Amino acid sequence: MQALLMILSALFFASMGVCVKLASTNFNSSELVFYRGLIGVLMMAAYARWQGTSLRTRYPAMHAWRSVVGVLSLSAWFYSLAHLPLPTAMTLNYMSSIWIAVFLVGGALLGAVGLQGKPASGSSPVLPATGGTLPGQGPLVLAILASFAGVVMLLRPAIDQNQAFAGLIGLLSGLSAAFAYMQVMAIGRLGEPEARTVFYFAIGTVIVGAFGMLVEGMSPWNWSAAVWLLPIGILASLGQFAMTKSFSMSKNHGSTLMVANLQYCGIVFAALYSTVFFGDHIPLMGWAGILLIVASAIGATVMRARAAPSAPAEEH
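If you want it as structure tokens, here you go:
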């Protein structure tokens with residue numbers, strides 16, 4: 122179920138990307154962020170009411186930090202999309218899975234040199250408490266690296282000398298996304314329902330989008346483009362909900378690495394969409410990259426399924 126949720130999340134986000142591309146002919150990025158968040162707020166509020174779940178939280182600071190790093194990642198990604206070639210911006214953003222692996226491996230190494238024995242004083246607002254080791258998780262880390270190699274083969278990123286700053290912003294988008302995912306896991310361990318987590322993130326996007334609209338202004342309303350705003354918000358909310366649920370189910374390093382690897386399925390879905398709807402051509406090297414991504418995703422899922430019965434519950 123955890124793997125299926127992440128694959129569904131990747132599909133929802135890739136589908137949202139198609140709608141964003143169609144709506145961006147008339148609306149600026151701030152407007153798209155605002156409407157995406159507004160629809161998300163309404164959806165999660167309605168869902169929480171239907172489920173009888175309160176939106177009040179005992180952990181406002183943790184939700185606030187998740188919203189800050191999530192919106193920072195989104196804003197940095199939009200900036201890199203505007204100033205870098207699309208393949209390069211996408212590749213840098215999808216480095217989030219590699220950053221997650223770095224955080225987990227780094228935490229395990231710190232534990233190995235003696236920090237692990239110290240009692241944890243609580244989760245950091247930046248990273249959840251890191252403990253335990255990564256026994257037998259080397260193949261999963263290699264699967265993430267293999268998937269990223271597939272992304273590079275598919276997207277073939279490139280950067281000019283005058284795009285160094287935009288490249289750093291692109292790196293920031295992936296790094297802050299990794300922070301957000303780790304924070305989602307920390308919030309999930311506290312028992313916070315997914316609707317509440319997505320609700321507060323949506324509020325953050327509404328605030329940032331509204332501020333951006335004050336700076337960029339509002340575009341004339343065009344129904345042919347506005348019709349795509351609703352599916353953008355719906356698909357984004359479904360993607361956030363599935364992603365939050367999937368990461369919240371991570372009880373050990375192995376499951377975290379597995380779902381981080383499955384995020385790369387979004388690149389495959391996006392590539393197929395671009396071929397079907399926009400007539401883009403995928404070269405032979407790109408198809409080889411897709412096969413590598415799919416193979417590593419299947420391999421990571423199988424490895425995790427075999428290890429799950431005996432996997433200890435580790436803290437991140």
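Going from the sequence shown to the working numbering is simple: count from 1 and add 121. Here a beta-carbon is modelled for each residue, glycine too, at the ideal position from N, C-alpha and C. Computed from a predicted structure; not experimentally measured.
(request) State the start and end residues of the unbroken alpha helix (DSSP H) segment that holds M334. (result) E315 to E337
(request) Kindly indicate which residue of L153, Y385 and G400 has the alpha-carbon position closest to the one of L129. (result) With distances taken between Cα atoms, L129 lies closest to Y385.
(request) Using only alpha-carbon positions, find the residue among M216, A135, L143 and M303 that is nearest to R343. (result) The displayed chain sequence assigns Asn, not Arg, to residue 343. Each of M216, A135, L143 and M303 was checked against the Cα of N343, and the nearest Cα belongs to L143.
(request) Determine the DSSP secondary structure at L176, reduced to helix, strand or coil. (result) coil
(request) Enumerate in chain order the residues of its own chain whose CB-to-CB distance from G288 is below 8 Å, with the five nearest sequence positions on each side excluded. (result) Counting only Cβ-Cβ distances below 8 Å, and skipping sequence neighbours, we find S201, L205, T209, L213 and I280.
(message) Which residue wins for smallest C-alpha separation from I328, given the options Q123, F155, T146 and F133?
(response) F155
(request) Note down the Cα distance separating L351 from G309, rounded to an integer number of angstroms. (result) Our two residues, L351 and G309, have alpha carbons roughly 28 Å apart in a direct line.
(request) Could you say which of S217, A203 and V262 lies nearest to V226 if we only look at CA atoms? (result) V262
(message) To the nearest angstrom, how far is the alpha carbon of G312 from that of K366?
(response) 11 Å
(message) With a threshold of 7 Å on Cβ separation, who are the neighbours of L126 within its own chain once the five nearest residues in sequence on each side are excluded?
(response) A363, K366 and S367
(request) Give the straight-line distance between the Cα atoms of I353 and Y394, rounded to the nearest whole angstrom. (result) If I take the Cα positions, the gap works out to 15 Å.
(request) Could you have a look at S242 and say whether DSSP puts it in helix, strand or coil? (result) Because the pLDDT at S242 is just 45, under 50, the model does not fix this residue reliably, and the value given afterwards should be weighed accordingly. DSSP places S242 in coil when its eight states are reduced to three.
(request) Would you kindly work out how many angstroms separate the C-alpha atoms of M406 and Q304, rounded to a whole number? (result) 36 Å
(request) Give the DSSP-derived three-state secondary structure of F148 in the structure shown. (result) coil
(request) Could you check the C-alpha separation between F148 and V348 for me, to the nearest Å? (result) Distance between the alpha carbons of F148 and V348 is about 12 Å.
(message) 7 Å is my cut-off, CB to CB: does W171 come that close to chain B?
(response) Given the protein chain composition of this structure (a single chain), no chain B is represented.
(request) Just tell me which of S218, R277, L159 and Q172 has its CA closest to the CA of L207. (result) R277
(message) Count Cβ pairs between the stretch 265–277 and the stretch 397–411 that sit closer than 8 Å; are there 3 or more?
(response) yes
(request) Look at A135 and G387 and say whether their C-beta atoms are less than 7 Å apart. (result) yes
(request) Keeping to the same chain, check which residues put their C-beta closer than 7 Å to that of G191; ignore five residues upstream and five downstream. (result) Here the set comprises A301, F322 and G325.
(request) In angstroms with no decimal places, state the Cα-to-Cα distance between I265 and N382. (result) 5 Å
(message) When you compare the CB positions of T422 and A124, do they come within less than 7 Å of one another, or not?
(response) yes
(message) If you reduce the DSSP assignment to three classes, tell me which class Q304 lands in.
(response) Helix at Q304.
(request) Determine the burial state of G138: buried for a count of at least 16 other Cβ atoms within 10 Å of its Cβ, exposed for fewer. (result) So G138 counts as buried.
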